[in-house]
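Take a look at the structure set out below.
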Amino acid sequence: MDGSGRAMMCALAATLALAACAARSPAPPAPAPESYTAETTYAKLAPAYPFIRIASRAVPPTVRAITNVTYVRRAGHDLQLDLYLPAAAATAPRPAIVFVHGGGWRAGVRANFAPMAIRMAERGYAAVTISYRLAGEAPYPAAIHDAKAAVRWVRAHAGAYGIDGDRIVIAGGSAGGQIAALTGVTNGEGRFDPDGGPGAVSSAVQAIVNIDGLSDFTSEEARRYEDDPAKQPSSAGAWFGGRYAEETALWRDASPLFHVGPDTPPVLFIGSAQRRFSVGRDAMVDRLRALGVPHRVVLVPDTPHSFWLFDPWLAPTVDATDAFLREVIPPRTGRPGSPPAA
């Protein structure tokens, strides 16, 4: 074989070796999703809304913050929460509100809800922001298990923090709004609460606040965004472990709409001007109305998604939440942690 032939054979052998190596090597990891924080969201929104400001996370003297408290341990991972309490001594046990951050089920941080938690504490609530397992760590329904565990922790420690265990609210925004709603509408459903069972402290909530979170994954309108074939996978698809056609039952199971019943706690919906995030809300309102479950829809006009992270929109969000909760969870008789009054 002449020199040119040998060169061609060597080149072919090298190509085959590289191909074999590539076949044996794992595919490179998918890029991490972009962080979902007030700062990254501000950078996207400020050009269209130049008047907005990131809501302050500064803790005023009227509020006491207790941070980095472990509420449950999952597979060697401590899930933590932050508490924001009125600094003044309580004259009576306070209602508590547990906040679940958004981020497409695979990103986000609990600090996103610190501004709202602080403002709710200024109004007399014990406010709690939680971290939970994201899609990259554990798929649906792990986040629901974690949210219920956080509610259970708050109720179990009600006496230590001056909390009324009969008045615990679950709230969230975006994906956190959907998680909060599903957590609330599945009160008492054991399959959503593996930490529960006989003798366990209750994880039931007495009200739900869903801020711009989906109520139905299964509708055609929702699937246009959440099951977009151009996204491999979409945020919802990554959480469910498959597209709608592959995991239809999970997509339905995760839709708060299909769990509404006569025992569903009162629900407040706070919505942006972006219709995409209200999918399923009207149908859910119809079911709540038919069953006589207290509910309210408050829209914050001319707003983008994630409006609650920013001034001037945080104030009306807090006002709407406070007004609704004062109506639906008034002070109850009985010791903190006892079952809610009928």
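Residue numbers (this note's numbering): 1299 to 1640. Every residue gets a Cβ at the ideal spot worked out from N, C-alpha and C, and that includes glycine.
Looking at the backbone, the Cα of LEU1589 and that of PRO1560 are separated by about 6 Å.
ALA1445 sits close to ILE1477, with the two beta carbons spaced by under 9 Å.
Nearest in C-alpha terms to ALA1458, of all of HIS1443, PRO1345, ALA1388 and ARG1431, is ALA1388.
Within the DSSP bridge table, the entry for ILE1509 names GLY1471 and ILE1568 as partners. Judged by DSSP in its simplified three-state form, ALA1425 adopts strand. Between ASP1510 and SER1576, the gap from beta carbon to beta carbon is short of 9 Å.
When the beta-carbon positions are compared, PRO1384 and ARG1362 come within less than 9 Å of each other.
Looking at the DSSP output, LEU1377 shares a beta bridge with VAL1370. Distance from the CA atom of ILE1428 to the CA atom of VAL1616, rounded to whole angstroms, is 18 Å. Burial state of ASP1580 is exposed, judged by a 10 Å Cβ sphere holding fewer than 16 other Cβ atoms. CA-CA distance, PHE1556 to ASP1491, rounds to 18 Å.
When the five nearest sequence neighbours on each side are left out, the beta carbons in the same chain lying within less than 8 Å of the beta carbon of ASP1600 are those of ALA1571, in order along the chain.
In this chain, VAL1591 is not harboured by any beta strand (DSSP E), its DSSP state being neither H nor E.
Each of PRO1602, ARG1541 and GLU1544 was checked against the Cα of ILE1568, and the nearest Cα belongs to PRO1602. Counting along the chain, PHE1622 sits inside the alpha helix (DSSP H) bounded by residues 1612–1626. For ARG1355, the three-state secondary structure derived from DSSP is coil. The beta-carbon distance between LEU1512 and ALA1448, rounded to whole angstroms, is 21 Å. This is too long to meet the 8 Å contact definition. Burial is judged here by how many other beta carbons sit within 10 angstroms of a residue's own beta carbon; ARG1453 has at least 16 and is buried.
Per DSSP, ARG1522 lies in no beta strand (DSSP E) segment; the continuous alpha helix (DSSP H) that holds it begins and ends at 1518–1524. By the neighbour-count criterion, in which 16 or more other beta carbons inside 10 Å mark a residue as buried, ARG1541 falls on the buried side.
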